[in-house]
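Undergrad:
Residue numbers (our numbering): 2 to 164.
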């Protein structure tokens with residue numbers, strides 16, 4: 002990081018979705034704001050700001066983490082992946098496909114965090130049980146009540162990945 006003379010802002014080099022970005026920002030700015038405001042990545046959503054709802058989840062070196070409480074400067078040591086980074090050349094990740102096929106989004110606010118958490122789970126465990134899926138998604142709050150469809154989507158994605 003480079004300090005900007007006479008300013009609290011610093012230049013932060015951060016790798017997001019496979020590409021390195023140079024962002025000028027306050028080093029304490031939450032990663033969520035850096036992603037949304039500076040990089041125009043709107044997959045992670047602001048929900049609570051206190052790490053309780055999961056709508057802001059991103060992958061940090063493959064692990065699902067809430068971006069609302071992590072300073073952007075601290076995230077610079079990680080490979081950051083957002084919902085936008087899961088697709089490859091406009092081909093959806095099997096998890097994204099399964100969420101669409103199972104109609105696992107109602108209002109859609111939790112969807113990004115659910116998909117990110119499911120991606121982290123399926124990267125570590127290719128064939129999770131219902132209980133393991135519930136445990137992996139427990140940090141994500143869905144107020145619409147689509148939990149059964151979300152679990153079905155994760156199971157469908159696991160089946161796709163195991164083909």
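Glycine included, C-beta positions come from ideal geometry on N, C-alpha and C. Predicted model only: the values in this text are computed from it and were never measured.
(1) Pick helix, strand or coil for residue 124, following the three-state DSSP scheme.
(2) Looking at the unbroken beta strand (DSSP E) that takes in residue 26, where does it start and where does it end?
(3) Cβ of residue 190 within 8 Å of Cβ of residue 48?
(4) Is any heavy atom of the ligand FAD found at a distance shorter than 7 Å from the C-beta of residue 122?
(5) Rounded to the nearest angstrom, how far is the Cβ of residue 33 from that of residue 17, given a contact under 8 Å?
(6) Going by other Cβ atoms of all chains shown within 10 Å of its Cβ, with 16 needed for buried, is residue 120 buried or exposed?
(7) What are the residues that DSSP puts in a beta bridge with residue 80?
(8) If we count the other Cβ atoms within 10 Å of its Cβ and call it buried at 16 or more, is residue 88 buried or exposed?
(9) Between which two residues does the beta strand (DSSP E) harbouring residue 1 extend?
(10) Using the Cα positions of residue 147 and residue 27, report the straight-line distance between them to the nearest angstrom.
(11) Please work out which residues of its chain come closer than 7 Å, Cβ to Cβ, to residue 52, disregarding the five sequence neighbours upstream and downstream, and give them in chain order.
(12) Can you grab the Cα-Cα spacing for the pair residue 154 / residue 125, in whole Å?
(13) For residue 65, which residues in the same chain have their Cβ closer than 7 Å to its Cβ, ignoring the five residues on either side in sequence?
TA: According to the data block:
(1) The residue you call residue 124 lines up with position 123 of the chain shown. Residue state, collapsed to three classes: helix.
(2) Indexing the chain shown from 1 puts residue 26 at position 25. Residue 26 -> beta strand (DSSP E) spans 20-26.
(3) Past the edges of the chain, shown from 2 to 164, lies residue 190, and the structure says nothing about it.
(4) The ligand FAD is not among the ligands present in this structure, which contains no ligands whatsoever.
(5) Locating residue 33 in the chain shown gives position 32, counting from the first residue. Locating residue 17 in the chain shown gives position 16, counting from the first residue. Incorrect: roughly 12 Å between the Cβ atoms, too far for contact.
(6) Walking along the chain shown from the start, residue 120 turns up at place 119. Classification of residue 120: buried, given that the 10 Å Cβ count is 16 or more.
(7) Counting from 1 along the chain shown, the entry for residue 80 is found at position 79. When beta bridges are read from the DSSP output, residue 80 appears opposite 16.
(8) Position 87 of the chain shown, counting from 1, holds the residue named residue 88. When all chains shown are included, residue 88 counts as exposed.
(9) What the structure shows of the chain is the stretch from 2 to 164, and residue 1 is not part of that stretch, so it cannot be assessed.
(10) In the chain shown, residue 147 corresponds to position 146, counting from 1. In the chain shown, residue 27 corresponds to position 26, counting from 1. Computed Cα separation, rounded: 37 Å.
(11) Counted from its first residue, the chain shown places residue 52 at position 51. Contacts found: 67, 69, 70.
(12) Residue 154 sits at position 153 when you count from the first residue of the chain shown. Residue 125 sits at position 124 when you count from the first residue of the chain shown. C-alpha separation (whole angstroms): 17 Å.
(13) As a first step, residue 65 must be located in the chain shown, where it is residue number 64. Within the same chain, residue 65 has close Cβ partners 58, 117, 118, 121.
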